[in-house]
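In this text, residue positions in the sequence shown follow our numbering: the first is 21, and each later residue adds one.
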Amino acid sequence: MNKQTVHNILKSEAGVAALALRVPVGIILVAHGAQKLFGWFGGYGLEGTGQWMASIGLEPGYLMALLAGSAEFFGGLALILGLLTRPAAALSAFTMLIAILSVHLEHGFFLSNNGYEYALALLAATVALTVQGSGSYSADNVIADNLKESSPVNEPSN
């Protein structure tokens, strides 16, 4: 992957709005991932979450719990920091899509019935971050700016 490609993935002109979206969505994802991975905040940890995932047909349950929990926890941390925002948001969006299709869709729209409204809101937010990037105040923009300064990104590489 060349510097121009990395620069394009990281650089974002989204401004402060991306920060306002990134941080709360990241906090929510970290908390949900911590429930799955570590049993924090009333969660069941990998064993319990894995057993539940297996019971709804997501096999192997332990691996699915590890993947979903890691996507949420580490993806959420990345969003908070604005580090690799587009890849982290895309992975989180995929995780929310799977949650909607495999868990929530059959219960209808409303959260009070375990419906998909909450996962849909997180899906929308993470898709928006995938498209717009991390915004002005982010680790991604610092890295992208340093890449541009270290060598001109517009020059062809040999």
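All C-beta atoms in this analysis are idealised placements derived from N, C-alpha and C, irrespective of residue type, glycine included.
Alpha-carbon spacing of residue i relative to residue j, whole angstroms
i	j	result
P80	D165	42 Å
R42	L97	10 Å
G95	V50	8 Å
T25	V45	26 Å
L121	N133	15 Å
L131	Y138	6 Å
I29	L167	12 Å
N161	S75	43 Å
S170	Q71	49 Å
M21	L125	38 Å
Closest Cα partner of residue i within the set the options
i	options	result
A148	I118, A34 and A98	A34
A119	R106, F61, G68 and M84	M84
M73	L39, V26, F114 and V123	V123
F93	L111, G70 and I29	L111
L101	M21, A40 and E169	A40
Y64	Y82, I47 and A159	Y82
S158	V36, I48, F61 and N22	V36
Residue i and residue j closer than 9 Å at C-beta
i	j	result
T69	G89	yes
K31	G153	yes
L143	L103	no
Jot down the residue ranges of each uninterrupted alpha helix (DSSP H) in the segment 46-79, minimum 4 residues, whole runs only, in chain order. Entirely contained in the segment 46-79, the alpha helix (DSSP H) runs reaching 4 residues are, in chain order, 65-75.
Which parts of the segment 114-176 are runs of the alpha helix (DSSP H), unbroken and 4 residues or longer, counting only runs that do not cross its ends? With a minimum length of 4 residues, the unbroken runs of alpha helix (DSSP H) contained wholly in the segment 114-176 fall at 137-152 and 159-170.
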